[in-house]
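Here's the structure, in structure tokens; my notes come after.
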Amino acid sequence: MVARVENKTPKILGLTAVLAVTLVIYYYVFLFLREGTANAWIIFAVSLLWGIGGVWFLFVLVTSIIDLCSEKVRQVVMPWAFAAPALFLVFYYLLLPTFRTIYLSFFNQDSSKFIGFDNFIYAFASPTMLESFKNNLIWIIFGGGISVLLGLLIAALADRTHPKFEVLMKTAVFLPMAVSMIAAAVIWKLVYAFAPGTEQVGLLNAVTVTLGGTPVPWLLQKPLNTYLLIVILIWMQTGFALVVLSAAIKGIPSELLEAARIDGASELQSFFKITIPYIQITLISVSTTIVIFTLKVFDIVFSMTGGNFGTQVIANEQYVQMFRNFDYGRGSAIAVVLLVTVLPVVYYNVRDFGKNAKGF
Amino acid sequence: MKKRYVLLAGLAALPLTLALAQGTKTISILGAFGGEEAKTFQAVINAFEAKNPGVKVNYASSADFNTVLNVRVQSGDYPDITALPQPGVMKDLAARGVLAPVNGLTLNQIKNNYAPAWAELGRAADKKIYGVFHRVNVKGLVFYNKPAFEAAGYKVPKTWVELMALTKAMESSKASPWCVGMESGGATGWVATDWIENIMLRTQPASVYDQWITNDVKFSSAAVKNAFQVVDSIWSNPKQVYGGRANIAATNFIPSAQGLFTNPSQCWLHMQGSFATAFMQDSIQKNLDSNVGVFVLPMINTKLPQTALVGGDQFVMFKGKNRPEVEKFMSFLATGASADPWIKQGGGLFPHKDQNLSLYPTKLEGDFARVILSAKAARFDASDAMPSAVNQAFWKGTTDWVTGASLDSVLSSIDAAYRK
Amino acid sequence: MVAQKMNLSSKIIIYGILIFLGLFWTIPTFGLLVTSFRVPDDTSSSGWWEVFTEGKFSFTLQNYSAVLNPGDGATSNTAATINLNQAIINTIIMAIPSTVIPIFLAAIAAYAFAWMNFPGRKFLFMVLVALLVVPLQMSLIPILRDYRVLGLNGTFLGVWLANTGFGLPLATYLLYNYIVTLPREVFESAVVDGASHPTIFSKLVVPLSMPAFASFAIFQFLWVWNGVLIPLVFLGDDPSRIVLPQRILQMIGQYATNWQLLTAGAFVSMFIPLAVFIGFQQYFVRGLLAGSVKG
Numbered sequence: 028m029v030a031r032v033e034n035k036t037p038k039i040l041g042l043t044a045v046l047a048v049t050l051v052i053y054y055y056v057f058l059f060l061r062e063g064t065a066n067a068w069i070i071f072a073v074s075l076l077w078g079i080g081g082v083w084f085l086f087v088l089v090t091s092i093i094d095l096c097s098e099k100v101r102q103v104v105m106p107w108a109f110a111a112p113a114l115f116l117v118f119y120y121l122l123l124p125t126f127r128t129i130y131l132s133f134f135n136q137d138s139s140k141f142i143g144f145d146n147f148i149y150a151f152a153s154p155t156m157l158e159s160f161k162n163n164l165i166w167i168i169f170g171g172g173i174s175v176l177l178g179l180l181i182a183a184l185a186d187r188t189h190p191k192f193e194v195l196m197k198t199a200v201f202l203p204m205a206v207s208m209i210a211a212a213v214i215w216k217l218v219y220a221f222a223p224g225t226e227q228v229g230l231l232n233a234v235t236v237t238l239g240g241t242p243v244p245w246l247l248q249k250p251l252n253t254y255l256l257i258v259i260l261i262w263m264q265t266g267f268a269l270v271v272l273s274a275a276i277k278g279i280p281s282e283l284l285e286a287a288r289i290d291g292a293s294e295l296q297s298f299f300k301i302t303i304p305y306i307q308i309t310l311i312s313v314s315t316t317i318v319i320f321t322l323k324v325f326d327i328v329f330s331m332t333g334g335n336f337g338t339q340v341i342a343n344e345q346y347v348q349m350f351r352n353f354d355y356g357r358g359s360a361i362a363v364v365l366l367v368t369v370l371p372v373v374y375y376n377v378r379d380f381g382k383n384a385k386g387f
Numbered sequence: 525m526k527k528r529y530v531l532l533a534g535l536a537a538l539p540l541t542l543a544l545a546q547g548t549k550t551i552s553i554l555g556a557f558g559g560e561e562a563k564t565f566q567a568v569i570n571a572f573e574a575k576n577p578g579v580k581v582n583y584a585s586s587a588d589f590n591t592v593l594n595v596r597v598q599s600g601d602y603p604d605i606t607a608l609p610q611p612g613v614m615k616d617l618a619a620r621g622v623l624a625p626v627n628g629l630t631l632n633q634i635k636n637n638y639a640p641a642w643a644e645l646g647r648a649a650d651k652k653i654y655g656v657f658h659r660v661n662v663k664g665l666v667f668y669n670k671p672a673f674e675a676a677g678y679k680v681p682k683t684w685v686e687l688m689a690l691t692k693a694m695e696s697s698k699a700s701p702w703c704v705g706m707e708s709g710g711a712t713g714w715v716a717t718d719w720i721e722n723i724m725l726r727t728q729p730a731s732v733y734d735q736w737i738t739n740d741v742k743f744s745s746a747a748v749k750n751a752f753q754v755v756d757s758i759w760s761n762p763k764q765v766y767g768g769r770a771n772i773a774a775t776n777f778i779p780s781a782q783g784l785f786t787n788p789s790q791c792w793l794h795m796q797g798s799f800a801t802a803f804m805q806d807s808i809q810k811n812l813d814s815n816v817g818v819f820v821l822p823m824i825n826t827k828l829p830q831t832a833l834v835g836g837d838q839f840v841m842f843k844g845k846n847r848p849e850v851e852k853f854m855s856f857l858a859t860g861a862s863a864d865p866w867i868k869q870g871g872g873l874f875p876h877k878d879q880n881l882s883l884y885p886t887k888l889e890g891d892f893a894r895v896i897l898s899a900k901a902a903r904f905d906a907s908d909a910m911p912s913a914v915n916q917a918f919w920k921g922t923t924d925w926v927t928g929a930s931l932d933s934v935l936s937s938i939d940a941a942y943r944k
Numbered sequence: 031m032v033a034q035k036m037n038l039s040s041k042i043i044i045y046g047i048l049i050f051l052g053l054f055w056t057i058p059t060f061g062l063l064v065t066s067f068r069v070p071d072d073t074s075s076s077g078w079w080e081v082f083t084e085g086k087f088s089f090t091l092q093n094y095s096a097v098l099n100p101g102d103g104a105t106s107n108t109a110a111t112i113n114l115n116q117a118i119i120n121t122i123i124m125a126i127p128s129t130v131i132p133i134f135l136a137a138i139a140a141y142a143f144a145w146m147n148f149p150g151r152k153f154l155f156m157v158l159v160a161l162l163v164v165p166l167q168m169s170l171i172p173i174l175r176d177y178r179v180l181g182l183n184g185t186f187l188g189v190w191l192a193n194t195g196f197g198l199p200l201a202t203y204l205l206y207n208y209i210v211t212l213p214r215e216v217f218e219s220a221v222v223d224g225a226s227h228p229t230i231f232s233k234l235v236v237p238l239s240m241p242a243f244a245s246f247a248i249f250q251f252l253w254v255w256n257g258v259l260i261p262l263v264f265l266g267d268d269p270s271r272i273v274l275p276q277r278i279l280q281m282i283g284q285y286a287t288n289w290q291l292l293t294a295g296a297f298v299s300m301f302i303p304l305a306v307f308i309g310f311q312q313y314f315v316r317g318l319l320a321g322s323v324k325g
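Written as structure tokens, this is what we have:
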């Protein structure tokens with residue numbers, strides 16, 4: 028035992044040396060890529076090789092070194108080798124900026140003067156923000172709600188169809204996930220486009236005219252326009268809910284459903300009594316993800332109406348204040364409001380943390 | 525492990541030494557215009573590079589210019605030069621102390637080669653001149669479909685009264701008098717603010733216009749309210765505007781310019797800046813002179829001198845970036861030699877006195893350029909000269925107003941955007 | 031298994047509902063596809079469906095050759111030609127490491143939170159999940175400021191790390207939900223056998239979690255591939271590093287009403303994500319979070 032411990036020290040030193048050399052190499056690879064003057068394909072290959080393998084190789088080195096240390100050191104240090112990289116990055120990229128945002132929300136436009144709660148008065152009482160609060164509520168209830176429900180419905184129904192049809196169906200609904208917001212704006216402008224007269228480039232108005240109606244400038248119709256924008260959101264993110272929920276439904280042991288059938292349960296009964304409880308955790312995490320996405324979404328509004336015509340939402344107002352009006356105070360205050368709004372959802376999720384899992 | 529190190533170190537060292545050996549000076553420029561315009565600007569850069577061997581100029585356009593500029597300025601990551609479409613932003617940046625004023629040589633060129641109004645537009649609150657105007661445009665032009673207009677026997681109106689009589693006469697034709705479209709994504713509203721500004725300059729002295737920009741004349745004042753009402757008298761009349769008022773906010777500004785030339789045409793007249801020719805159908809653009817007619821929107825208060833409404837990009841240097849080659853490029857921009865390559869390619873007007881007017885590819889552009897050179901008085905697009913937050917509120921306010929909000933509430937909400 | 035036992039009428043209802051929804055989902059994209067093959071005069075004057083209702087279709091590939099053409103050589107400014115090829119390569123360089131790094135880091139962190147003991151475990155996890163809600167535009171300026179000092183701005187490493195930082199809360203949250211529900215007995219026997227945490231992670235957790243990794247990878251890949259703001263700020267405007275969404279955005283500014291060019295560009299930008307989804311389709315059969323149902 029003692030002999031083995033003594034043998035390990037040179038090994039640790041050796042590996043530490045390798046680690047140091049690796050870091051130096053990484054630095055040179057970084058310089059090489061930043062220079063960017065080499066052949067495009069070499070850059071391509073080196074980038075991907077380094078980007079994919081670099082972090083993994085560091086992790087292997089570091090954990091190997093820790094593994095060689097004494098039991099006591101290992102117990103204390105090893106968890107941090109696993110958790111610290113993620114924690115460090117998240118704290119740096121998100122937590123520190125959040126503190127800065129809270130701080131800036133008490134200052135004026137160019138952060139040169141402390142103005143107390145003025146920005147929060149704007150964030151809670153201005154007509155634009157009041158409109159945004161109302162719209163955001165509609166976005167969460169209809170956008171978030173329908174995305175999850177439709178995802179669940181399609182997942183459950185498609186489970187009963189021919190496997191080939193199911194794949195086709197899932198691909199169709201998933202398709203918009205592959206579309207960037209910018210392309211989606213192009214697509215939906217082709218749907219909602221309006222022109223006076225009978226010749227329509229927009230699909231919805233073409234249908235309206237064919238059915239004998241007069242063309243409508245859809246995106247100007249309050250309050251309908253908010254719902255029309257929500258349709259785009261549903262179209263874009265139901266694929267997420269569907270794919271995740273479908274996987275969960277497929278994880279339900281068939282014996283369970285079989286047993287329910289033998290007991291004489293109808294399809295609907297077994298859906299609510301077995302399927303739903305079984306996939307409950309998945310359902311919660313899907314809903315959480317989608318609610319947070321819905322609150323943060325601003326590009327649909329930004330690119331379709333620019334927040335005009337009564338369609339403003341909090342995230343877009345925040346973007347406009349910050350990047351169009353150059354008003355850091357208000358932009359920050361609105362971001363803080365957005366943050367506080369979502370905290371209950373987050374709390375609901377982490378409440379049960381560690382209840383059924385104890386570490387080793 | 526060692527092998528990999530040697531290999532990679534070798535790979536890394538090669539380009540490094542190459543880059544050090546070259547030693548070219550580069551100038552980086554960030555701007556809002558891209559695509560064809562960036563391509564044309566490259567001709568200007570080529571002319572500069574030909575005269576200054578060893579200097580490389582990189583122009584990059586950003587898809588979301590305002591955001592990128594804002595983020596880069598906030599984080600201290602300046603380009604050398606940026607081209608600003610809005611004097612309000614220039615003043616804002618100068619007040620933050622991130623810009624460098626032009627040097628003596630450039631200053632002299634600006635004084636000799638530009639009308640005084642352009643020098644003033646490049647001046648910030650500290651009285652120093654920061655901006656060099658390059659490509660500019662003139663607003664308040666009324667475009668028409670020349671062959672159709674002449675075939676119908678219409679005459680170009682000389683006065684506001686004649687214009688109103690003409691539009692009244694047009695009401696009974698198959699097309700509407702006006703095409704107006706103000707949808708422009710996140711920038712929706714600028715078409716409407718251009719209309720208001722043009723009416724302001726045609727009903728009020730330029731001094732009132734200036735006070736309006738600084739909010740010494742309020743939006744809720746009678747002068748501004750009247751301008752809204754003049755616009756309203758046209759826009760709210762379903763016989764006067766193609767598709768009626770509802771169509772204005774729903775139509776993108778580009779197709780609204782094309783309405784003159786659709787078959788059958790939607791309208792007779794379209795008011796827009798000189799840049800509107802670029803929005804027209806390709807077939808029209810191929811032969812602008814024979815297809816497109818244009819006149820300046822007449823004065824309403826005929827006692828006032830004609831004042832042109834202009835817009836344009838001004839180039840500014842960032843603090844600490846005024847290296848000799850950057851200064852050189854700025855002073856180059858103030859000469860006609862920097863305008864000529866662009867003039868030849870079309871699509872740009874220039875305020876330089878020593879520009880070569882004969883180079884404009886169409887008579888139309890030459891005429892626009894003369895309007896700019898001859899205008900004794902010129903005023904910059906007011907909304908672009910207002911603080912950014914007011915500009916936004918003005919855009920949004922006009923949009924709300926067009927879609928049904930009451931005028932008084934809109935005007936007071938724009939006034940509220942001036943935060944003292 | 032269930033399908034055989036259904037009666038015909040409920041089968042018809044199910045297929046009916048699904049086909050209706052499937053049409054709703056695909057028609058807008060289909061319109062995009064059709065438009066991208068049309069000539070300019072048609073797209074400005076008529077809707078894409080008139081290809082079918084009125085026969086207004088002169089099929090052309092010129093829009094695709096226009097957006098993929100590496101330029102005619104006469105123009106020196108690469109920013110001005112539509113050439114999307116460089117943008118495609120750049121987007122791949124950006125997207126793949128921006129997918130792999132966060133998943134790897136999230137996986138080891140999720141494992142630590144689920145199965146390792148260390149002080150502050152619960153608190154740190156809560157903070158991490160709470161950061162899900164931070165709008166990333168709040169972070170852009172301070173980070174760019176640091177990047178400038180570190181020389182990271184305009185580099186792919188900078189974008190990888192930024193995408194990793196912004197993607198980690200969701201990745202950790204979702205992968206934790208999966209890893210925590212792996213059966214405890216597996217770990218217990220491994221610990222008794224004297225396996226270390228790195229061994230348990232690579233020999234047990236990774237193989238068991240592969241479907242979850244793969245399906246989260248696809249989502250992260252799509253988000254990164256289609257993201258605008260992060261590359262816009264951290265990669266800069268240099269044409270040699272520009273990515274696809276940014277190019278499409280520039281095209282919208284330049285060719286606002288040239289629907290046929292925009293649609294062709296949009297379709298080019300969708301092609302790789304779609305290929306990835308279809309290629310990884312099998313992983314969705316037992317995909318993300320499938321393990322969490324055992325809770």
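Protein chains in written order, with the numbering used here: chain A, 28 to 387; chain B, 525 to 944; chain C, 31 to 325. Ideal Cβ positions, reconstructed from N, Cα and C, are used throughout, including at glycine. Being a predicted model, the structure only gives us computed values, none of them experimental.
Query, Result
"Residue 884 (chain B) - DSSP class collapsed to helix/strand/coil", "coil"
"C-alpha gap between residue 126 (chain A) and residue 850 (chain B), whole angstroms", "39 Å"
"Limits of the unbroken beta strand (DSSP E) element including residue 174 (chain A)", "Element bounds for residue 174 (chain A): not the beta strand (DSSP E) but the alpha helix (DSSP H), 172-185."
"Distance, residue 621 (chain B) Cα to residue 843 (chain B) Cα", "8 Å"
"Chain A contacts from the region 223-244 of chain C (Cβ-Cβ distance under 7 Å)", "226, 227, 228"
"Option in A:266, A:233, A:340, A:187 with minimal Cα separation from residue 281 (chain A)", "A:187"
"Contact set between residue 329 (chain A) and chain B, taken where Cβ atoms lie within less than 7 Å", "710"
"Bridge-paired residues (DSSP) for residue 833 (chain B)", "B:663, B:903"
"Among C:277, C:246, C:42, C:214, nearest to residue 144 (chain C) - alpha-carbon criterion", "C:214"
"Contacting positions in the region 571-594 of chain B - beta carbon closer than 8 Å to chain C", "582, 583, 584, 585, 586, 587, 588, 591, 592"
"Spatial distance of residue 96 (chain A) from residue 247 (chain C) (CA atoms)", "34 Å"
"Residue 821 (chain B) (DSSP reduced to helix, strand or coil)", "coil"
"Alpha carbon of residue 334 (chain C) to alpha carbon of residue 42 (chain A), nearest angstrom", "With chain C represented from 31 up to 325, any question about residue 334 (chain C) goes unanswered, as that position is not in the structure."
"Opening and closing residue of the alpha helix (DSSP H) in which residue 615 (chain B) lies", "611-619"
"C-beta neighbour in chain A for residue 787 (chain B), strict 8 Å", "no"
"Cut-off 8 Å between Cβ atoms - residues of its own chain near residue 693 (chain B), not counting five sequence neighbours on either side", "678"
"From C:276, C:290, C:236, residue whose alpha carbon lies closest to that of residue 133 (chain C)", "C:236"
"Buried or exposed by the 16-neighbour rule on C-beta atoms within 10 Å, applied to residue 825 (chain B)", "exposed"
"Residue 31 (chain C) burial status per 10 Å Cβ neighbour count (16 or more: buried)", "Annotation note: pLDDT 42 at residue 31 (chain C) (below 50); position unreliable, no value reported."
"Neighbour list for residue 376 (chain A) in chain C, Cβ cutoff strictly below 8 Å", "159, 203"
"Cβ-based contacts, 7 Å cut-off: residues of the region 303-332 of chain A near chain B", "329, 330"
"Any chain A beta carbon closer than 8 Å to residue 28 (chain C)", "Residue 28 (chain C) lies beyond the range of chain C shown here (31 to 325); nothing can be said about it."
"Chain B residues whose Cβ lies nearer than 8 Å to that of residue 246 (chain A)", "774"
"Partner residues on chain B for residue 165 (chain C), Cβ-Cβ distance less than 7 Å", "Here the premise fails: no neighbours, minimum Cβ distance about 14 Å."
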